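The structure appears below as structure tokens.
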Amino acid sequence: MQDLVDAASVVASADDMADMKFCREMFAIMADSYPALGGVIALHLWPQFFDEYVCNELLKSWTFVKNLFPLMIDMEESGFNSLTFTVTYPESAELKFQAPNGLSNDVEFELIPSLDPLEVGDFDFSSFVSLESEEFVNIVTEYHMFDYVHVTVTSTRVIFSYAIMLETILTQEDGECLIGGITAPNHMEFIITLSPIEAFYSMAHRSKRVWLYKSMHTTKGVIIFPLGLYYRFVAYFYNPGE
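Following this note's numbering, the numbering of the sequence shown begins with 251 at its first residue and continues without gaps.
So this is what it looks like as structure tokens:
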């Protein structure tokens with residue numbers, strides 16, 4: 251329960267509302283982190299993450315999370331160490347908290363069907379650049395105030411830049427990054443956004459390494475923050491209106 255509550259609270263910090271996607275392959279919680287520029291912060295949880303996971307049909311809903319996840323934190327701090335999440339009806343769900351002494355607390359909340367659900371689109375796993383989390387935090391600190399960050403990846407280095415104002419170069423030779431799937435003279439370019447800063451700091455501090463990829467259908471990038479074998483944070487960027 252602790253890992254779930256901790257990770258979900260990071261997504262909840264990005265927006266007062268969050269989409270929830272239930273399917274056989276995965277449970278996802280997604281927040282619209284930067285609507286004007288097209289940014290989604292998501293938590294992906296595979297069935298193996300849970301003690302038991304049952305989902306027989308696809309369900310896409312949204313709910314207000316401003317009070318929901320602080321409640322989960324309060325329950326955990328009060329000694330409840332087990333959580334059961336059940337969709338009781340298409341438009342409602344129940345959280346059942348249980349403590350080692352047998353005490354339980356049930357909380358119901360509304361699920362609203364998503365007419366335009368958030369999604370994390372396809373991206374190319376074959377080409378990537380990876381940074382240690384501490385290095386990525388430095389990039390966030392430098393660039394979080396800008397609407398976008400341009401990323402250029404060659405076979406030997408990655409360049410983060412904003413217009414002609416700021417540029418940061420990290421090289422593979424100096425051990426500042428890992429690059430895969432790119433051979434000279436080819437390169438890869440994409441756009442990311444590093445705001446809200448608190449969410450990106452939180453995701454980076456919970457992961458040892460950060461992985462950046464390019465979306466398959468847009469000029470935007472995708473940032474993966476692995477948390478373990480069966481869950482991860484994803485920052486996905488898209489073109490608003492598409």
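Don't be surprised by glycine CBs; every beta carbon is placed ideally from N, CA and C.
Keep in mind the model is a prediction, meaning the values are calculated, not measured.
Secondary structure of glutamine 422 (DSSP, three-state): coil. According to the DSSP secondary-structure assignment, alanine 343 is paired through a beta bridge with Val337 and Phe359. By the criterion of at least three beta-carbon pairs nearer than 8 Å, the region 354-372 is in contact with the region 306-313. For serine 380, the closest of Ser354, Leu420 and Tyr398 by C-alpha to C-alpha distance is Leu420.
As the crow flies, the alpha-carbon of glycine 478 is around 22 Å from that of valine 390. Going by C-alpha positions, phenylalanine 375 is about 14 Å away from phenylalanine 475.
One thing to note: phenylalanine 277 has its Cβ within 9 Å of the Cβ of leucine 295. Collapsing the DSSP output to three states places valine 260 in a helix.
Fewer than three Cβ pairs drawn from the region 341-354 and the region 383-397 lie within less than 8 Å of each other, which leaves the two stretches out of contact.
In the structure shown, leucine 365 falls within a coil segment according to DSSP collapsed to helix, strand and coil. The C-beta distance from glycine 471 to valine 401 rounds to 6 Å, short enough to fall under 8 Å. One thing to note: isoleucine 409 has its Cβ within 9 Å of the Cβ of glutamate 417. Annotated three-state conformation of valine 255 is helix, per DSSP. Here serine 354 is exposed: its Cβ has fewer than 16 other Cβ atoms, across all protein chains shown, within 10 Å.
With respect to the C-alpha of glutamate 302, the residue from Leu333, Gly288 and Leu308 having the closest C-alpha is Leu333.
Boundaries of the alpha helix (DSSP H) harbouring proline 320: 318-327, taken from the DSSP string.
The beta carbons of alanine 485 and serine 283 sit closer together than 9 Å. Beta-carbon to beta-carbon, threonine 443 and tyrosine 398 are separated by about 6 Å, close enough to satisfy the 8 Å threshold. When secondary structure is reduced to three states using DSSP, phenylalanine 450 falls in the helix class. Residue environment analysis places glycine 329 among the exposed positions, since fewer than 16 neighbouring C-beta atoms fall within 10 angstroms of its C-beta. Contact between phenylalanine 378 and tryptophan 461 is confirmed by a C-beta separation of about 6 Å, below the 8 Å threshold. When only Cα atoms are considered, phenylalanine 299 and alanine 454 end up about 20 Å apart. Linking isoleucine 441 to aspartate 265 through their CA atoms gives a straight-line distance of about 22 Å.
Shown here for proline 297: same chain residues with a beta carbon closer than 6 Å to its own, the five before and five after excluded, namely Tyr303 in chain order. Scanning Thr406, Glu326, Ser411 and Leu287 for the CA closest to the CA of proline 490 turns up Leu287. The straight-line gap separating the alpha-carbon atoms of histidine 467 and alanine 292 is approximately 19 Å.
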